[in-house]
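Encoded as structure tokens, the structure appears first; notes follow it.
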Amino acid sequence: MASTKSGAAAPAEPGAGRELRYQRVYDLVLRLIEEQGLEPGDKLPSTAELTKLADVSVISVRRALDELDHDGVIERHQGLGTFVAKPRLISQPGRAGALLGTISQDERPVEFTTELVRIAVGMPSRNHVRALDIQEGQPVWEISRVRSREGRATVAERATLPLSLVPALDEAELASGRSLYELLEELHGITEAYAEQVFQVDRPSQWEREQLGLGPSDTVMRVRGVSYTEDDVAFDSYQQSYRADEFLFHVQGPRSTPRLVSPEAAGSWGVRALGAE
Numbered sequence: 001m002a003s004t005k006s007g008a009a010a011p012a013e014p015g016a017g018r019e020l021r022y023q024r025v026y027d028l029v030l031r032l033i034e035e036q037g038l039e040p041g042d043k044l045p046s047t048a049e050l051t052k053l054a055d056v057s058v059i060s061v062r063r064a065l066d067e068l069d070h071d072g073v074i075e076r077h078q079g080l081g082t083f084v085a086k087p088r089l090i091s092q093p094g095r096a097g098a099l100l101g102t103i104s105q106d107e108r109p110v111e112f113t114t115e116l117v118r119i120a121v122g123m124p125s126r127n128h129v130r131a132l133d134i135q136e137g138q139p140v141w142e143i144s145r146v147r148s149r150e151g152r153a154t155v156a157e158r159a160t161l162p163l164s165l166v167p168a169l170d171e172a173e174l175a176s177g178r179s180l181y182e183l184l185e186e187l188h189g190i191t192e193a194y195a196e197q198v199f200q201v202d203r204p205s206q207w208e209r210e211q212l213g214l215g216p217s218d219t220v221m222r223v224r225g226v227s228y229t230e231d232d233v234a235f236d237s238y239q240q241s242y243r244a245d246e247f248l249f250h251v252q253g254p255r256s257t258p259r260l261v262s263p264e265a266a267g268s269w270g271v272r273a274l275g276a277e
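Numbering (full-length UniProt numbering), first residue to last: 1 to 277.
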């Protein structure tokens with residue numbers, strides 16, 4: 001029983017203080033990976049073996065494997081078995097600098113190839129006009145690129161830049177995958193000082209489906225942002241769309257200790273009752 005503010009006893013929640021059976025399997029798999037030093041691609045015990053090891057039902061094992069799969073800890077291949085998954089990509093979208101420089105895996109940079117989908121001058125929508133604090137009818141650049149890893153489209157990005165600030169761009173450099181912001185600094189002396197960003201988990205738009213090869217029921221993490229110079233001049237209204245199931249997003253304050261909470265840490269973040277094994 002739990003005590004209420006008035007001192008009266010309140011009924012305990014169903015299952016409070018009792019370990020869920022599927023959670024036992026979940027924790028067991030995490031311990032096996034850690035204690036045996038298993039690497040991505042290493043095979044894990046079968047469903048039948050986990051049933052015996054954890055002394056639970058097949059239903060509990062399947063529920064645990066579903067959770068582990070969802071959390072990116074394991075990969076299941078029909079007819080082959082269950083394997084330790086590759087670590088998800090870590091994106092730090094709040095960090096200033098080139099987009100690809102903010103993405104890592106196991107604290108190592110990730111190699112991407114780049115496709116320049118579109119570069120053109122046009123008239124901005126009202127949202128871009130407001131975000132960039134420019135006059136309606138003022139022309140802008142629109143640059144669309146797709147970043148691929150191991151032949152798979154992973155990130156789609158669109159940048160919108162006022163022509164008044166950026167009168168010229170190097171298409172060949174952008175097609176080669178070079179950082180847009182490096183190019184802006186080199187050509188026009190524009191340097192990012194800070195950015196405003198909005199994060200949205202959503203079903204993909206038609207454009208995102210086309211660029212990333214997604215279905216209508218898939219999920220994207222969409223980052224919309226505006227980048228500013230040290231003088232508070234907005235120079236880029238952008239959108240970055242990530243495959244939501246392949247990324248973790250890590251944001252830290254300017255004074256926080258790096259990796260105080262490891263973004264790729266798997267496992268339960270619950271609190272186990274005292275006395276529970």
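Beta carbons: idealized from backbone N, C-alpha and C, even for Gly.
As assigned by DSSP and simplified to three states, the class of residue i
i      : result
Asp170 : coil
Ala175 : helix
Ser205 : coil
Leu187 : helix
Asp42  : coil
Val220 : strand
Leu274 : coil
Gln197 : strand
Ile33  : helix
Ser57  : coil
Ala12  : With a pLDDT of only 42 at Ala12, under 50, the local geometry of the prediction cannot be trusted, and no value is derived from it.
Ala153 : strand
Thr4   : Note that Thr4 has pLDDT 48, beneath the 50 cutoff, so the model's placement of it is unreliable and the number below is only indicative. If DSSP states are grouped into helix, strand and coil, Thr4 belongs with coil.
Glu246 : helix
Leu80  : coil
Ala96  : Its pLDDT being 49, under 50, Ala96 is placed unreliably in this model, and the value from its coordinates should be taken loosely. Reduced to three states, the DSSP call for Ala96 is coil.
Glu115 : strand
Leu163 : coil
Glu182 : helix
Whole-Å CB distance - residue i paired with residue j, under 8 Å assumed
i      : j      : result
Leu44  : Val61  : That pair is no contact at about 11 Å.
Leu183 : Leu169 : 7 Å
Val58  : Thr47  : 6 Å
Gln211 : Val117 : 7 Å
Glu196 : Gly225 : 6 Å
Leu180 : Ile143 : 7 Å
Arg63  : Asp69  : Contact doesn't hold; Cβ gap of about 11 Å is too wide.
Leu65  : Ile74  : 7 Å
Bridge partners - residue i, DSSP secondary structure assignment
i      : result
Ser125 : DSSP, once it has assigned bridges, lists no residue as partnering Ser125.
Arg21  : Answer is none; Arg21 lacks a bridge partner.
Asp236 : Ser227
Under 8 Å between C-beta atoms of residue i and residue j
i      : j      : result
Val220 : Ala244 : yes
Phe112 : Arg149 : yes
Glu115 : Val146 : yes
Gln239 : Arg130 : no
His128 : Thr154 : no
Ser241 : Glu208 : yes
Ala234 : Leu163 : no
Using 8 Å as the cut-off, can you tell me whether the segment 51 to 60 makes contact with the segment 69 to 89, which would need three or more C-beta pairs spanning the two stretches below that distance? Judged by pairs of C-beta atoms under 8 Å, the segment 51 to 60 does not touch the segment 69 to 89, as fewer than three such pairs exist.
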